[in-house]
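Numbering (my numbering), first residue to last: 136 to 415.
By construction, the Cβ of each residue, glycine as well, lies at the ideal position given by its N, Cα and C atoms.
Since the structure is predicted, the reported quantities are computational estimates derived from the model, not experimental observations.
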Amino acid sequence: MSRKLQLELLEHHPIRDAASGLNEPSGLALDRQGTSLYTVSDDTRIIFNLDLQGRIIPNSSFLINVKDLEGLAVTADDKTILAVQEESNSIIQFDIFTRKEIQQIPLATLKNYDQIAVYFTHADQNKGLEGITINFNNNHIFIVKEGAPGLLIELDAECETIINYCKLNEKYGFKHPRIKSEKLDFSGLSYDSTSDTIWITSDKGECLFHFNFNDKKVLSRLDLPRESDTQSKRVTKSEGVAFDPNNQRLYIVSERDCELYIYQLHDHNEAATNFDDGCQ
136 MSRKLQLELL EHHPIRDAAS GLNEPSGLAL DRQGTSLYTV SDDTRIIFNL
186 DLQGRIIPNS SFLINVKDLE GLAVTADDKT ILAVQEESNS IIQFDIFTRK
236 EIQQIPLATL KNYDQIAVYF THADQNKGLE GITINFNNNH IFIVKEGAPG
286 LLIELDAECE TIINYCKLNE KYGFKHPRIK SEKLDFSGLS YDSTSDTIWI
336 TSDKGECLFH FNFNDKKVLS RLDLPRESDT QSKRVTKSEG VAFDPNNQRL
386 YIVSERDCEL YIYQLHDHNE AATNFDDGCQ
């Protein structure tokens, strides 16, 4: 029996810090202890470390030599940050303790890239890699291509080989009552170790998709309310998501609002039917 889920907005916090350059947050990752978050800003060469209320932790934020980063993920040992750069469709690794870049890995250099090359050859530059997350059961890495078409791509733990991929289309349940499926985009990823699933944000959809990659099936689609009233306006440009498996909480960052939204995930068999329409 599949879970029926509902999101409860607990709180939201402004995180804009113009002096530090945090103006357009893109990507979000939770450390393994669940005590702080990492984000980047499109126009700033800094990886920001935030507390759970979205305040910058100065001593653990650090300068980097690249910009235009999108998604972030933290490795199981809390030693490395993985990021994706949309312009180059690369994965970039940073050492958290030395604050140095370890290596850049263009997607095109991976084994089996020929299986997905057609989706990148003539792709719009603004429809490249957007999100990244890690399956902590096997340390496999998942990355998402924003659109035209949306792709979810599984890599091995060494980031050397493309193992599998899936088009994020209607066949697998990526439907929306207000947006045509081909117009849907995908902006962030977070692995859910409690159910071996992946949370995927959609900027245009103003929602989250809960996806079982093994079964290639959307389990639910959850709108992202900006206020505690579930009928409120939805979060715009949800660029990053981080799931806390211990507390069953979802952290969402909005690029447009420059806000951090915190939701509690509930099993709610009746009320959740309002949120998962269109995804069977």
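(message) In whole angstroms, give me the CA-to-CA distance for D291 and L217.
(response) Approximately 14 Å, taken between the alpha carbons.
(request) Check the C-beta distance from I387 over to T332 and give it rounded, since I have them as a contact under 8 Å. (result) T332 and I387 do not touch by the CB rule: their CB atoms are close to 17 Å apart, not below 8 Å.
(request) Measure the Cβ-Cβ separation of Q220 and L204 and say whether it is below 8 Å. (result) Cβ distance < 8 Å, so Q220 and L204 count as in contact.
(request) Thinking H311 and G285 are a contact (beta carbons under 8 Å), I'd like their distance in whole angstroms, please. (result) With 8 Å as the limit, H311 and G285 do not qualify as a contact, their Cβ atoms being about 12 Å apart.
(message) Taking the beta strand (DSSP E) that T336 belongs to, which residues open and close that run?
(response) Bounds of the beta strand (DSSP E) holding T336 are T332 to S337.
(message) Beta-carbon within less than 8 Å of N200's beta-carbon, same chain only, minus the 5 sequence neighbours each way: which residues are those?
(response) For N200, where only same-chain residues beyond five positions count, the Cβ hits under 8 Å are R180 and E236.
(request) Report yes if the C-beta distance between N272 and S328 is below 8 Å; otherwise report no. (result) Taking the C-beta atoms as reference points, S328 is found nearer than 8 Å to N272.
(request) Leaving aside the five residues before and after T215 along the sequence, list all residues of the same chain whose C-beta is less than 8 Å from its C-beta, in chain order. (result) Cβ-Cβ distances below 8 Å link T215 to V209, Q228, F229, D230, I231 and I237 in the same chain, with the five nearest sequence neighbours on each side left out; the list follows chain order.
(message) Please tell me whether L150 and L157 are closer than 8 Å, where the distance is taken between their beta carbons.
(response) It is Ile, not Leu, that sits at residue 150 in the sequence shown. Against a cut-off of 8 Å, the Cβ pair of L157 and I150 comes out as a contact.
(request) Would you mind giving the Cβ-Cβ distance between L324 and V353, rounded to the nearest angstrom? I have them listed as a contact below 8 Å. (result) About 14 Å separates the beta carbons of L324 and V353, which is beyond the 8 Å limit, so they are not a contact pair.
(message) Could you compute how far the alpha carbon of L357 sits from the alpha carbon of I288?
(response) The C-alpha of L357 lies about 22 Å from the C-alpha of I288.
(request) Would you identify the three-state DSSP class for V201, choosing helix, strand or coil? (result) Correct three-state label for V201: coil.
(message) On the DSSP letters alone, give me the boundaries of the beta strand (DSSP E) that V279 sits inside.
(response) Unbroken beta strand (DSSP E) run through V279: H275 to K280.
(message) If we require 3 or more residues per run, which beta strand (DSSP E) segments fall completely within the stretch 205-293?
(response) Given a length threshold of 3 residues, each whole run of the beta strand (DSSP E) inside the stretch 205-293 is given here in chain order: 215-220, 225-230, 236-241, 264-270, 275-280 and 286-290.
(request) Jot down the residue ranges of each uninterrupted alpha helix (DSSP H) in the stretch 367-391, minimum 4 residues, whole runs only, in chain order. (result) Listed in chain order, there is nothing to give.
(request) Classify K262 as buried or exposed, calling it buried when 16 or more other Cβ atoms lie within 10 Å of its own Cβ. (result) With 16 or more other Cβ atoms inside 10 Å of its own Cβ, K262 counts as buried.
(request) Return helix, strand or coil for N491, following the three-state DSSP convention. (result) The first residue shown for the chain is 136 and the last is 415, placing residue 491 beyond what the model contains.
(message) Bridge partners for C342 per DSSP, in chain order?
(response) Beta-bridge pairing links C342 to S337 and D358.
(request) Please classify E485: does DSSP put it in a helix, a strand, or coil? (result) No answer is possible for residue 485: it lies beyond the span of the chain, which begins at 136 and ends at 415.
(message) E362 and L144 - do their beta-carbons sit closer together than 8 Å?
(response) Inclusion of L144 and E362 in the CB contact set at 8 Å is warranted, their separation being smaller than that value.
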